[in-house]
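Presented below is the structure to which this report refers.
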Amino acid sequence: MAWGKMNPVYDDALGIRKDVFIEEQGIDPRDELDGADEDKMHYVGYVDDKPVTTARIDMLAGNRVKIQRVATVADERQHGYAGELIKQIISDAKKSDVSRIELDAQLTALNFYQQLGFEPVSEPFEEAGIQHRTVQYQVK
């Protein structure tokens with residue numbers, strides 16, 4: 289994990305996000321590259337030094353964090369890498385003063401987040417042309 293954009297972790301995260309969100313899902317690059325990466329924490333999971341999964345963390349008021357931009361490269365899915373990354377984020381949150389983790393989950397990934405202990409707290413909504421629901425995880 290690393291803060292901001294001036295590090296190799298961010299470069300690896302951005303590569304995964306471009307592959308998954310822009311190329312695969314067809315999200316407009318202006319939406320994906322929202323200019324907010326500088327003040328975020330970037331997590332990347334590696335297998336044999338290859339970046340395979342990523343997530344971005346936004347620190348919110350009230351001891352909350354929001355997980356954003358969770359993605360795994362297509363040929364590395366179904367191995368549990370994103371789940372391990374989310375578990376690491378939860379573990380890190382438990383070691384800090386974070387009380388709640390929030391995430392806007394694509395509906396196709398809702399079950400994945402529920403299996404990790406997240407609970408839906410919103411009705412479906414559209415973001416970047418994709419249906420989502422906000423989910424949350426109570427840390428403390």
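Position one of the sequence shown corresponds to residue 289 (my numbering), numbered consecutively onward. Built from N, CA and C at the ideal position, the CB exists for glycine as well.
Near residue i, what residues of its chain come up, given a Cβ to Cβ distance below 8 Å and the 5 sequence neighbours on each side ignored?
i           : result
residue 348 : 354, 390
residue 397 : 358
In terms of residues, what are the limits of the alpha helix (DSSP H) holding residue i?
i           : result
residue 381 : 369-382
residue 389 : First-last for residue 389: 388-394, but that is the beta strand (DSSP E), not the alpha helix (DSSP H).
residue 302 : 296-305
residue 320 : 317-320
Using CA coordinates, which residue listed in the options is at the minimum distance from residue i?
i           : options            : result
residue 332 : 374, 315, 383      : 374
residue 326 : 409, 407, 299, 308 : 299
residue 293 : 335, 310, 401, 344 : 344
residue 403 : 414, 296, 368      : 368
residue 435 : 423, 400, 316, 370 : Absent from the model: residue 435. The displayed extent of the chain is 289 to 428, so no value can be given.
residue 426 : 351, 311, 342, 336 : 351
residue 413 : 392, 334, 428, 401 : 392
Considering residue i, what are the terminal residues of the beta strand (DSSP E) in which it resides?
i           : result
residue 400 : Run containing residue 400: none in the beta strand (DSSP E); it sits in the alpha helix (DSSP H), 398-403.
residue 357 : 352-360
Might you give, ordered along the chain, the residues of its own chain that have their beta carbon closer than 6 Å to the beta carbon of residue i, omitting 5 neighbours on each side?
i           : result
residue 364 : 340
residue 394 : 418, 420
residue 322 : none
If you drop the 5 nearest sequence neighbours on each side, which residues of the same chain put their C-beta closer than 7 Å to that of residue i?
i           : result
residue 346 : 328, 353, 354, 356
Can you check DSSP and say which residues form a bridge with residue i?
i           : result
residue 413 : 420
residue 348 : 352
residue 338 : 335
residue 290 : 330
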